[in-house]
Every structure is written in structure tokens, then in C-alpha cells.
Amino acid sequence: MPLKITYHGHSTFLLDDGTHRLLLDPFHDDNPSCTTPAEAIQCTHILVSHGHEDHMADAANIALRCKATVFATHEITTYLGEQGVTDLEPGNTGGCIQAPFGSIDFTPALHSSSFQGRYMGDPLGAVITMGGHRTYFAGDTALFSDMKLIKTLYRPDIAILPIGDRFTMGPKHAAMAAEWISPRLVIPCHYNTWDPIRVDHQLFNPAGIETRFLEPGQTLETESIS
Numbered sequence: 408m409p410l411k412i413t414y415h416g417h418s419t420f421l422l423d424d425g426t427h428r429l430l431l432d433p434f435h436d437d438n439p440s441c442t443t444p445a446e447a448i449q450c451t452h453i454l455v456s457h458g459h460e461d462h463m464a465d466a467a468n469i470a471l472r473c474k475a476t477v478f479a480t481h482e483i484t485t486y487l488g489e490q491g492v493t494d495l496e497p498g499n500t501g502g503c504i505q506a507p508f509g510s511i512d513f514t515p516a517l518h519s520s521s522f523q524g525r526y527m528g529d530p531l532g533a534v535i536t537m538g539g540h541r542t543y544f545a546g547d548t549a550l551f552s553d554m555k556l557i558k559t560l561y562r563p564d565i566a567i568l569p570i571g572d573r574f575t576m577g578p579k580h581a582a583m584a585a586e587w588i589s590p591r592l593v594i595p596c597h598y599n600t601w602d603p604i605r606v607d608h609q610l611f612n613p614a615g616i617e618t619r620f621l622e623p624g625q626t627l628e629t630e631s632i633s
């Protein structure tokens with residue numbers, strides 16, 4: 408079955424392989440670009456890339472309601488455990504966690520990570536093996552030269568990259584990242600949610616790579632590479 412990728416605005420995505428539903432960076436109820444409230448989300452697993460509110464604000468309540476397994480840093484999973492979440496899979500940069508849908512390889516990100524003033528560990532990206540694809544979810548990050556290793560080590564065929572500038576790389580640096588990683592498909596995120604990250608997204612134009620700008624609520628079905 409093709410992998411379904413649903414964009415919920417900002418940096419929130421739902422990956423669905425027909426059996427498992429992995430929610431990335433859940434930010435729904437206070438997300439001005441999101442059209443789906445947190446209470447309507449159904450998922451089996453959650454991945455949190457870092458501790459900022461616009462990436463994990465709804466992680467605890469969705470995990471509790473759905474009884475979902477959460478993948479994140481030790482610091483984030485400790486915090487979520489304090490909120491009553493019990494199915495937790497802590498990890499860190501360079502580590503791999505096997506999952507019912509495949510696996511998650513944690514990768515570096517150049518950013519920061521705190522929640523309501525509390526340190527939440529290093530920010531992370533992730534390569535998600537699921538539904539016959541390897542999807543690189545960069546989280547929030549600047550451009551950094553070791554992104555070239557993402558291609559060498561994992562060869563992802565899908566990449567989800569932030570392009571909003573100011574707090575992450577902007578369109579031109581993100582295009583360079585995409586060309587280094589060389590996926591078959593790239594999906595931009597983390598832009599135009601608020602004025603400080605409003606950019607001309609057409610400046611994101613990596614050479615030789617299919618680019619899909621998704622609208623909140625839009626689902627993309629991808630054919631398996633295996």
C-alpha cells in the first residue's frame with residue numbers, strides 16, 4: 408500500500424501505511440494554519456523532533472487519548488511521562504529505534520529545544536523507514552554540511568524540510584540541503600504560519616527534485632520504492 412502523507416500545517420504531518428499512523432510534531436489547537444483539531448487526530452505513534460511548543464503542544468493529550476507510542480529525546484519522554492503518557496521510546500542523535508512500522512533513525516539538527524523554560528535535550532531530525540519509503544524529517548534546523556551524510560547513510564527518497572527562515576534555514580539554504588540529500592520528492596514546511604516566517608516559497612526550487620507544496624489538510628499518496 409502507498410504511504411499516505413497528510414499535512415496539518417506548520418511542521419505537523421501524519422504518515423499512514425495502512426496499519427500504523429505516525430504523527431510528526433503535533434501542533435494543532437494553537438496552530439493558525441491547521442484545519443484539524445487535536446481531538447480529531449487518530450494515530451498509533453508520535454514523533455517529537457524537539458521541545459518547542461509549536462512542535463509538541465498537543466503531544467501529551469493526543470498520546471493519552473490514542474494510547475500512542477511516543478519517540479523523542481530522553482528529556483521530552485521524561486516530561487511526557489510526568490503528564491501520564493506511558494508508552495515512551497526515548498532516543499538520541501545517531502541512535503536507531505525499531506518500530507512496528509519499520510524504524511526511526513535519529514539525526515542531528517542545528518536548533519534549540521526547550522518547553523516552557525525547561526531544557527528538552529538536543530533537537531533532532533529523523534529518518535523514518537515506513538510504508539516502503541525512507542522519509543527524512545529534518546525537524547527545525549539550519550543548513551549544515553553533515554546533511555550530506557544523510558544521503559550517504561540512509562538514502563531517503565522523501566525529505567520534509569523547513570524553509571521559513573529566521574528560526575530555521577530559508578528557501579535557498581533548504582534548496583541546497585535538498586540537493587545534497589537528493590531525495591526523489593521534497594515537501595517544504597515551517598513557513599507562512601506567522602508573519603516572522605512568511606517567505607516567498609517559490610524561492611525553494613531545488614534542481615532535479617520533485618517538490619510538493621501541500622495545503623493544510625491535503626494528503627499525498629506515494630508509491631513504494633521497494
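Residue numbers (this note's numbering): 408 to 633. For glycine and all other residues, C-beta sits at the position ideal for the given N, C-alpha and C. From a predicted model like this one, the values you see are computed outputs, not experimental measurements.
(request) Express the C-alpha separation of T626 and H435 in angstroms, rounding to a whole number. (result) 16 Å
(request) Consult DSSP for K411 and reduce its assignment to one of helix, strand or coil. (result) The DSSP-derived three-state label of K411 is strand.
(request) Consult DSSP for I504 and reduce its assignment to one of helix, strand or coil. (result) strand
(request) Assign I604 to one of three DSSP states: helix, strand, or coil. (result) helix
(message) For G538, which residues in the same chain have their Cβ closer than 6 Å to its Cβ, ignoring the five residues on either side in sequence?
(response) L410 and D424
(request) Would you kindly report the start and end of the unbroken alpha helix (DSSP H) that includes D461? (result) E460 to M463
(message) According to DSSP, simplified to helix, strand and coil, what is M537?
(response) strand
(message) Can you look up Y598 in the DSSP assignment and give me helix, strand or coil?
(response) Y598 falls in the coil class under three-state DSSP.
(request) Determine the direct distance from the alpha carbon of N438 to that of H462, and round the result to whole angstroms. (result) 10 Å
(message) Within a Cβ cutoff of 6 Å, which residues of the same chain sit near L430, ignoring the five residues on either side of it in sequence?
(response) L421, C450 and I453
(request) Give me the Cα-Cα distance between I570 and K558, rounded to the nearest whole angstrom. (result) 19 Å
(request) Measure the alpha-carbon distance for H457 versus T480 and round it to whole angstroms. (result) 8 Å
(request) Compute the Euclidean distance between the alpha carbons of L556 and C503, then round it to the nearest angstrom. (result) 16 Å
(request) Return yes when the Cβ of Y526 is within less than 8 Å of the Cβ of E489, no when it is not. (result) no
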